[in-house]
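Visitor:
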Amino acid sequence: MIIGIDHVGIAVKNLEKTLSLHRDVLGLEVKRDIMNIEDQKMRNVLIKVGDSSFEIMEPTDPASAVAKYIEAKGEGVQHISLKVDNIEETIARFKEKGIIFTSEKPLQYGNVKVIFAHPKSTGGILFEFCERAE
């Protein structure tokens, strides 16, 4: 079941410049410092926004999904991450309703499992479903 918005993913060309805008101009708090996500060929930082966050992403390779997104659509909102209580049940339920996922199984990052729904099956929006073990 969807229980909230986990974060909004924002694709940018310059992570430090965008981080400075959010932290120094908008006054938002850094939730997690810049991190290199090698398997996704990007760097990211999490900015706290109330009970949610912005994931600011910068590609480290022109072949990455983030780089391809920026090339096709420019900088901006790339995905919306929805918090779920059970990712396996979420996948099964949405597959029954015709949702197509970009991978067969969720990706695991520490205590977090994520999977993306293909925008062709969700009205053009790239939804990420995210389960965080507490």
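Residue 30 in this note's numbering is what sits at position 49 of the sequence shown, and the numbering runs on without skipping anything.
Glycine included, each C-beta is placed from N, C-alpha and C at the ideal position.
It should be emphasised that the depicted structure is a prediction, and the values quoted were computed from it without experimental measurement.
Please check the pair ILE15 and ILE28, which I expect to be a contact at CB under 8 Å, by giving their CB distance rounded to whole angstroms.
Guide: Position 34 of the sequence shown holds residue 15. Position 47 of the sequence shown holds residue 28. 11 Å between Cβ atoms; not a contact.
Visitor: DSSP has PRO40 in a bridge; who is on the other side?
Guide: Working through the sequence shown from its first residue, we reach residue 40 at position 59. Bridge partners of PRO40: MET23.
Visitor: Could you tell me the distance, in whole angstroms, from the CA atom of TYR20 to the CA atom of PHE110?
Guide: Taking the sequence shown and counting its residues from 1, one reaches residue 20 at position 39. Taking the sequence shown and counting its residues from 1, one reaches residue 110 at position 129. The amino acid occupying residue 20 in the given sequence is Asp; Tyr does not appear at that position. For ASP20 and PHE110, the distance between alpha carbons rounds to 18 Å.
Visitor: To the nearest angstrom, how far is it from the Cα of PRO87 to the Cα of LYS78?
Guide: Translated into the one-based positions of the sequence shown, residue 87 becomes position 106. Translated into the one-based positions of the sequence shown, residue 78 becomes position 97. Going from the Cα of PRO87 to the Cα of LYS78 covers about 18 Å.
Visitor: By the three-class DSSP mapping on this structure, what secondary structure does LYS29 have?
Guide: For the purposes of this step, residue 29 is taken as the residue at position 48 of the sequence shown. LYS29 falls in the strand class under three-state DSSP.
Visitor: What is the DSSP secondary structure of ILE81, counted as helix, strand or coil?
Guide: Along the sequence shown, one-based indexing puts residue 81 at 100. Correct three-state label for ILE81: coil.
Visitor: With distance defined between alpha-carbon atoms, name the residue in LYS(-6), VAL11, THR71 nearest to VAL58.
Guide: Stepping through the sequence shown from its first residue, residue 58 is reached at position 77. The candidate whose alpha carbon is nearest that of VAL58 is LYS(-6).
Visitor: On the criterion of 16 or more Cβ atoms from any shown chain inside 10 Å, does ALA48 qualify as buried, or is it exposed?
Guide: For the purposes of this step, residue 48 is taken as the residue at position 67 of the sequence shown. Burial call: buried.
Visitor: Which term fits VAL6, buried or exposed, when burial requires 16 or more other beta carbons within 10 angstroms of its beta carbon?
Guide: Within the sequence shown, numbered from 1, the residue matching residue 6 stands at position 25. VAL6 counts as exposed, since fewer than 16 other C-beta atoms from the protein chains shown sit within 10 angstroms of its C-beta.
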